[in-house]
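Participant: Starting off with a structure, shown below.
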Amino acid sequence: MALFTYIVLLAILNITLAEDCVINNVPERMAFEKQLRKDLRGHDFRLTPPNNSSDFTVNVRFSLRKFDFDSDAGVMTLHTWTFMRWKDERLKWDPEKYYGITETEMMSIYTWYPGIRLFNSADSHDLDRYYYSWCSIKNTGDVRCRKKSTYDAICSVKLRDWPYDQQQCSFEVGAWKSDHFIINSTSRALTMWVAAYGTEWTITDYRQELNSSFERQLKMFLTLDREAAGLGGIVVYPAAILSVLSVTMYFTLVPKPIPFN
Ligand SMILES: *[C@@H]1O[C@H](CO)[C@@H](O)[C@H](O)[C@H]1NC(C)=O
Ligand SMILES: *[C@@H]1O[C@H](CO)[C@@H](O)[C@H](O)[C@H]1NC(C)=O
Ligand SMILES: *[C@@H]1O[C@H](CO)[C@@H](O)[C@H](O)[C@H]1NC(C)=O
Ligand SMILES: *[C@@H]1O[C@H](CO)[C@@H](O)[C@H](O)[C@H]1NC(C)=O
Numbered sequence: 000m001a002l003f004t005y006i007v008l009l010a011i012l013n014i015t016l017a018e019d020c021v022i023n024n025v026p027e028r029m030a031f032e033k034q035l036r037k038d039l040r041g042h043d044f045r046l047t048p049p050n051n052s053s054d055f056t057v058n059v060r061f062s063l064r065k066f067d068f069d070s071d072a073g074v075m076t077l078h079t080w081t082f083m084r085w086k087d088e089r090l091k092w093d094p095e096k097y098y099g100i101t102e103t104e105m106m107s108i109y110t111w112y113p114g115i116r117l118f119n120s121a122d123s124h125d126l127d128r129y130y131y132s133w134c135s136i137k138n139t140g141d142v143r144c145r146k147k148s149t150y151d152a153i154c155s156v157k158l159r160d161w162p163y164d165q166q167q168c169s170f171e172v173g174a175w176k177s178d179h180f181i182i183n184s185t186s187r188a189l190t191m192w193v194a195a196y197g198t199e200w201t202i203t204d205y206r207q208e209l210n211s212s213f214e215r216q217l218k219m220f221l222t223l224d225r226e227a228a229g230l231g232g233i234v235v236y237p238a239a240i241l242s243v244l245s246v247t248m249y250f251t252l253v254p255k256p257i258p259f260n
């Protein structure tokens, strides 16, 4: 009987110890990550850019989710996910001191964040800097952020060919005045998929100009075709179709850190 009790006790003890082992790892890692985030937030870098060099670069990309075009008001509204990537050496840390953690997430309000300005804005809100955004930060100082933004761009309308008209709209962005950075982008700064089809308009062409010599560093030009009655089946360019893959990837990854290609 005594032996039996002993075995039972041993078994219970064993289970408890094993559980401790499994469970305790997580809180320990979490405690380190909590401390890491606290330490990162401890610096007040919000107003000073990470780099004063004239060729400090921020990678910017927009993924179009939805668009509207109000031809009476001459306003094109783009609902996008904005992805940004840059390097901030001040946010580096030594993983050895933080349980081997090499990546964490933080709200953009705690650190410097590039102010993207829409130059041909239809309202006075040409700055969206203070909207919340989630950022993934690596111990190397690489920062990647994503946020939802809505841009209202002025687009002058020419009604000569109505209702079979085609409009050219632009979406012109640059760095906010107090921030000096060069906008860089992958071959295509604005990706779209089904978003290319609006309620009345379809985006049928896209081109961009990237030149940091100008204040309006990145200009994206969109061609919109009015879908007049009986004029269905407008083909979206293959480039737009290809971009769906990367867009879906970003959506499924939310809210995990976003890979930039
Ligand atoms: C950039 O310059 C400002 C003003 O001179 C200075 O306060 C700041 O520390 C500098 N930033 C870096 C990353 O060197
Ligand atoms: C600043 O940017 C320049 C050019 O991109 C780079 O060579 C330099 O290492 C950066 N300095 C810091 C402190 O990040
Ligand atoms: C700009 O982006 C392109 C494409 O992603 C990349 O090859 C290039 O090195 C980048 N330039 C800078 C200065 O970061
Ligand atoms: C950017 O604009 C400047 C000034 O107009 C021009 O000299 C330069 O060639 C342009 N660069 C590119 C890459 O188009």
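Residue numbers (numbering that gives the first Met the number 0): 0 to 260.
For glycine and all other residues, C-beta sits at the position ideal for the given N, C-alpha and C.
In this text the structure is predicted, and so the values were computed from the model without any measurement.
Using 8 Å as the cut-off, can you tell me whether the segment 130–144 makes contact with the segment 62–76, which would need three or more C-beta pairs spanning the two stretches below that distance?
Facilitator: Contact between the segment 130–144 and the segment 62–76 is absent, because fewer than three Cβ pairs lie under 8 Å.
Participant: Compute the Euclidean distance between the alpha carbons of G73 and R143, then round it to the nearest angstrom.
Facilitator: Roughly 34 Å separates the two Cα atoms.
Participant: In this structure, how does DSSP classify R45 when only helix, strand and coil are distinguished?
Facilitator: Reduced to three states, the DSSP call for R45 is coil.
Participant: Going by alpha carbons, who is nearest to P49 out of T185, Y112 and N183?
Facilitator: If we check each option's Cα against that of P49, Y112 comes out closest.
Participant: Tell me which same chain residues have a C-beta within less than 6 Å of the C-beta of P256, skipping the five on either side of it?
Facilitator: For P256, the predicted model reports a pLDDT of 48, less than 50, meaning its position is unreliable; a value from the coordinates is still stated below. Excluding sequence neighbours, P256 sits near S135.
Participant: Under three-state DSSP, which class holds Y163?
Facilitator: Reduced to three states, the DSSP call for Y163 is coil.
Participant: When DSSP labels each residue in this structure, what does F31 get in the three-state scheme?
Facilitator: Three-state result, F31: helix.
Participant: Expressed to the nearest angstrom, what Euclidean distance is found between the alpha-carbon atoms of T190 and R206?
Facilitator: Going by the C-alpha atoms only, they are around 11 Å apart.
Participant: Is the beta carbon of Y150 less than 9 Å from the beta carbon of T76?
Facilitator: For Y150 and T76, yes; Cβs fall inside 9 Å.
Participant: In whole angstroms, what separates the C-alpha of H78 from that of F180?
Facilitator: Computed Cα separation, rounded: 24 Å.
Participant: Please list, in chain order, all residues of the same chain as R45 whose beta carbon is under 8 Å from its beta carbon, the five residues on each side excluded.
Facilitator: Excluding positions up to five away in sequence, the list reads I108, Y109, T110, W111 and Y112.
Participant: When we look at the beta-carbon of R159 and count the other beta-carbons within 10 Å, is it buried (16 or more) or exposed?
Facilitator: Label assigned to R159: exposed.
Participant: What I want to know is whether the C-beta of P94 ends up closer than 8 Å to one or more non-hydrogen atoms of ligand 2.
Facilitator: Flag unset: Cβ of P94 not near ligand 2.
Participant: Alpha carbon to alpha carbon, what distance is there between E199 and V57?
Facilitator: In a straight line, the C-alpha of V57 is about 35 Å away from that of E199.
Participant: Leaving out five residues before and five after G231 in sequence, what residues of the same chain have Cβ atoms less than 6 Å from its Cβ?
Facilitator: Only weak support exists for where G231 lies, its pLDDT of 42 falling under 50; the value from the coordinates is given anyway. The answer is none, since no qualifying residue turns up.
Participant: For Y236, which residues of its own chain have a beta-carbon under 6 Å away from its beta-carbon, when the five flanking residues on both sides are left out?
Facilitator: With a pLDDT of only 44 at Y236, under 50, the local geometry of the prediction cannot be trusted, and the value read off the model is given with reservation. So no residue of the chain qualifies.
Participant: How long is the line joining the alpha carbons of F170 and A121, rounded to whole angstroms?
Facilitator: Each residue's Cα considered, the two are about 11 Å apart.
Participant: Who are the Cβ neighbours of L217 in its own chain at under 8 Å, not counting the five residues just before and after it?
Facilitator: Cβ neighbours of L217 beyond the five flanking positions: V59, E171, V172, G173, I182, S184, A188, Q207, E208 and L209.
Participant: May I ask you to report which of helix, strand or coil DSSP gives F109?
Facilitator: First, the amino acid is wrong: residue 109 is Tyr here, not Phe. If DSSP states are grouped into helix, strand and coil, Y109 belongs with the helices.
Participant: Identify, in the order they occur along the chain, each residue of the same chain with its Cβ nearer than 6 Å to the Cβ of A239, setting aside the five sequence neighbours on each side.
Facilitator: Only weak support is given to the placement of A239: the predicted model assigns it a pLDDT of 48, under 50, and the value that follows is read from those uncertain coordinates. Once the five neighbours on either side are set aside, the close Cβ partners of A239 are M191 and A195.
Participant: Grouping DSSP H, G and I as helix and E and B as strand, with all else coil, what is L158?
Facilitator: Here L158 sits in coil by DSSP.
Participant: For M29 and L39, I'd like the C-alpha separation in whole angstroms.
Facilitator: Rounded to the nearest angstrom, the two C-alpha atoms are 15 Å apart.
Participant: Determine the DSSP secondary structure at E95, reduced to helix, strand or coil.
Facilitator: Reduced to three states, the DSSP call for E95 is helix.
Participant: Using a Cβ-based criterion (distance less than 8 Å to any ligand heavy atom), does P48 qualify as near ligand 1?
Facilitator: The answer is yes for P48.
Participant: Per DSSP, F220 forms a beta bridge with which residues?
Facilitator: In the DSSP output, where bridge partners are listed per residue, F220 has S169 and R206.
Participant: From D87 to K137, what does the alpha carbon distance come to, in whole angstroms?
Facilitator: Approximately 10 Å between the Cα atoms of the pair.
Participant: Quick check: the Cα distance between D268 and T103, rounded to an integer number of angstroms?
Facilitator: Absent from the model: residue 268. The displayed extent of the chain is 0 to 260, so no value can be given.
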